[in-house]
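Chemist: Each residue of the sequence shown is one higher than the one before, starting from 261 at the first, in the numbering used here.
Glycine is no exception: its CB is placed at the ideal position from the N, C-alpha and C atoms.
Computed from a predicted model, the values in this text were never measured in an experiment.
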Amino acid sequence: LHLILSASTCRTSFAEEADMFFVPRYRQSGAGTNYTTWYRTEFMQLLGELKHFPARPQDHIFLFPEEFWPIVVDDAFGPDGPLRTSVILSPEAWPVSCSMPVGASKQVCAHTPSPPGLIVIPSFVDSYRRLELRKHNRPVSQRRVLLCFLGLEGTGRSGTTENYRHLLHALVGEPGVHIEAFLTNYREYAQVMGNSIFCLIPKGIGTWTHRLFEAMLAGCIPIILSDDVQLPFPDLPWETFSLKWPMRRVDQRLMRYLRYLERIAPELKASVDKHACWFDYHSEDHECTPLFGLTRQLRSGGMADDGSSARERFWVPWRPEIVWHILACTECMEPPGREPASDGSAGSDLSHAGVQALCAGTNVC
Numbered sequence: 261l262h263l264i265l266s267a268s269t270c271r272t273s274f275a276e277e278a279d280m281f282f283v284p285r286y287r288q289s290g291a292g293t294n295y296t297t298w299y300r301t302e303f304m305q306l307l308g309e310l311k312h313f314p315a316r317p318q319d320h321i322f323l324f325p326e327e328f329w330p331i332v333v334d335d336a337f338g339p340d341g342p343l344r345t346s347v348i349l350s351p352e353a354w355p356v357s358c359s360m361p362v363g364a365s366k367q368v369c370a371h372t373p374s375p376p377g378l379i380v381i382p383s384f385v386d387s388y389r390r391l392e393l394r395k396h397n398r399p400v401s402q403r404r405v406l407l408c409f410l411g412l413e414g415t416g417r418s419g420t421t422e423n424y425r426h427l428l429h430a431l432v433g434e435p436g437v438h439i440e441a442f443l444t445n446y447r448e449y450a451q452v453m454g455n456s457i458f459c460l461i462p463k464g465i466g467t468w469t470h471r472l473f474e475a476m477l478a479g480c481i482p483i484i485l486s487d488d489v490q491l492p493f494p495d496l497p498w499e500t501f502s503l504k505w506p507m508r509r510v511d512q513r514l515m516r517y518l519r520y521l522e523r524i525a526p527e528l529k530a531s532v533d534k535h536a537c538w539f540d541y542h543s544e545d546h547e548c549t550p551l552f553g554l555t556r557q558l559r560s561g562g563m564a565d566d567g568s569s570a571r572e573r574f575w576v577p578w579r580p581e582i583v584w585h586i587l588a589c590t591e592c593m594e595p596p597g598r599e600p601a602s603d604g605s606a607g608s609d610l611s612h613a614g615v616q617a618l619c620a621g622t623n624v625c
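(1) By the three-class DSSP mapping on this structure, what secondary structure does M453 have?
(2) Using the rule of at least 16 other Cβ atoms within 10 Å of the residue's Cβ for burial, across every protein chain shown, is P497 buried or exposed?
(3) So the alpha helix (DSSP H) I264 belongs to, where does it begin and stop?
(4) Would L412 pass as a contact of A450 if the rule is Cβ separation under 8 Å?
(5) Mind checking Q490: buried by the 16 CB within 10 Å criterion, or exposed?
(6) Give me the Cα-Cα distance between T467 and H312, rounded to the nearest whole angstrom.
(7) Roughly how many angstroms lie between the CA atoms of A478 and A441, to the nearest whole one?
(8) Under a Cβ-count criterion, where at least 16 other Cβ atoms within 10 Å of its own Cβ denotes burial, should D487 be classed as buried or exposed?
(9) Hey, quick one: how far does the beta strand (DSSP E) through S350 stretch, first residue to last?
(10) Out of I524, V452, Q557, state which residue places its alpha-carbon closest to the alpha-carbon of W538.
(11) So Y446 and R398 are supposed to be a Cβ contact under 8 Å. How far apart are they, rounded?
(12) If I measure Cβ to Cβ from E434 and keep anything under 7 Å in the same chain, skipping five residues before and after, which residues do I get?
(13) Going by the DSSP bridge assignment, what does E628 pair with across the sheet?
(14) Could you please give me the residues that DSSP links to P482 through a beta bridge?
(15) First and last residue of the beta strand (DSSP E) that includes A370?
(16) Go to V333, then tell me how far its beta strand (DSSP E) extends in each direction, as first and last residue.
(17) How many Å lie between T444 and F501 at the Cα?
(18) Where does the unbroken beta strand (DSSP E) through S357 begin, and where does it stop?
(19) Count the C-beta pairs between the region 541-556 and the region 513-531 that are closer than 8 Å, then say yes if the count reaches three, no if not.
(20) For F322, which three-state DSSP category applies?
(21) For V283, report the span of its alpha helix (DSSP H) as first-last.
(22) Within the same chain, show all residues whose beta-carbon is closer than 7 Å to that of K626, passing over the 5 residues directly before and after it, in chain order.
(23) Just the Cα atoms here: how many angstroms apart are C270 and D335?
(24) Please name the residue, chosen from P373, V347, R579, that lies closest to D279 on a Cα-to-Cα basis.
(25) Can you tell me which of V368, M453, C369 puts its alpha carbon nearest to the alpha carbon of L406?
(26) Is W575 helix, strand or coil when you go by DSSP?
(27) How many Å lie between G377 and R344 at the Cα?
(28) For L378, name the three-state secondary structure that DSSP assigns.
(29) With G308 as the anchor, note down where its alpha helix (DSSP H) starts and where it stops.
(30) For T632, which residues in the same chain have their Cβ closer than 8 Å to its Cβ, ignoring the five residues on either side in sequence?
(31) Around the Cβ of V380, are there at least 16 other Cβ atoms within 10 angstroms (buried) or fewer (exposed)?
(32) Taking only runs of the beta strand (DSSP E) that begin and end inside the region 466-532, which ones reach a length of at least 3 residues, in chain order?
(33) Pick from A315, L460, R285: whose alpha carbon is nearest that of L410?
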């Protein structure tokens, strides 16, 4: 992201002119990594070196590009936390924190609440994968698969956090369905997506998944299976180019609805293609890019909410009354890290572009 900002119209080298300060410090993360020492030494040292941070912490932007954030969340965002008023960019609204309880044989991981200054952004699809996905983006009339998913795991629940991908086994063998393990050959992976009308997008370790943005570039209508996910750019008309289906309800009812939905698939696919630029860091439409969407959100002060809008909010683009009984929540589906309600309700390849990325009226140093 710092490479995009460096080549953008909103970049300034004069701190006095800056509305915001972007801090390009990244650290690889993952399950089982203890960040306490790094956070309390190197990261805190970094904050001490930021000249304008003490007076303007709310104007500093930090990027955490995965579900595992390399900080101590409670310390960073607590009442006296140094990042409690800062802007946080991440594709994950509910960071995953892991610990090893006393006497336990394996670590326990759970989602933690979103910080108040969070803005959810799309993850980055590199130029090679973007070109493969776009190259295989076919018209609906040339697609031979109704529904696909590449990434199937075992028949039992798996993953660092609660995961429902095992339910997808019920759809294996259905006519028009292509579900199998992840393909290591990315060209074949892109071909399958480009040959499918709908793509299943189940949650990963976190509530988000990179697959969503790949599907958009491939022109594959995404079926989001992650109840608590917070999506980038909530002002976009997501209901016109995607479905959000309860992740515990993947069965024949979904298949029946998709066969009904086939009749309007061309216009849904057209909407996917129209809005894919918002998730394409290489987009040539300078007023339809992740950067333009981000700076517009910064300018309006539109941060992510506390997750309540994601809870139990599902949508289908056509005849919702047909599936309303499926979407009615029959079990408590609270956002991760929250107690149930009392009433029981539930890189570098960007520099070749040679153009300035357009911002929406926000200067970033």
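Modeler: Checking against the coordinates, here is how it stands:
(1) helix
(2) exposed
(3) 262-266
(4) no
(5) buried
(6) 34 Å
(7) 19 Å
(8) buried
(9) 347-350
(10) Q557
(11) Going by Cβ atoms, the distance from Y446 to R398 rounds to 17 Å, so no, they are not a contact pair.
(12) M515
(13) No information on residue 628 is available, as it lies outside the stretch 261 to 625 that the chain covers here.
(14) C459
(15) 368-371
(16) First-last for V333: 333-337, but that is the alpha helix (DSSP H), not the beta strand (DSSP E).
(17) 28 Å
(18) 356-359
(19) no
(20) strand
(21) First-last for V283: 281-283, but that is the beta strand (DSSP E), not the alpha helix (DSSP H).
(22) Limits of the chain in this structure are 261 at one end and 625 at the other, which puts residue 626 out of reach.
(23) 32 Å
(24) V347
(25) M453
(26) strand
(27) 8 Å
(28) strand
(29) 304-309
(30) For the chain, the structure presents residues 261 to 625; residue 632 sits outside this window and is missing.
(31) buried
(32) 481-485
(33) L460
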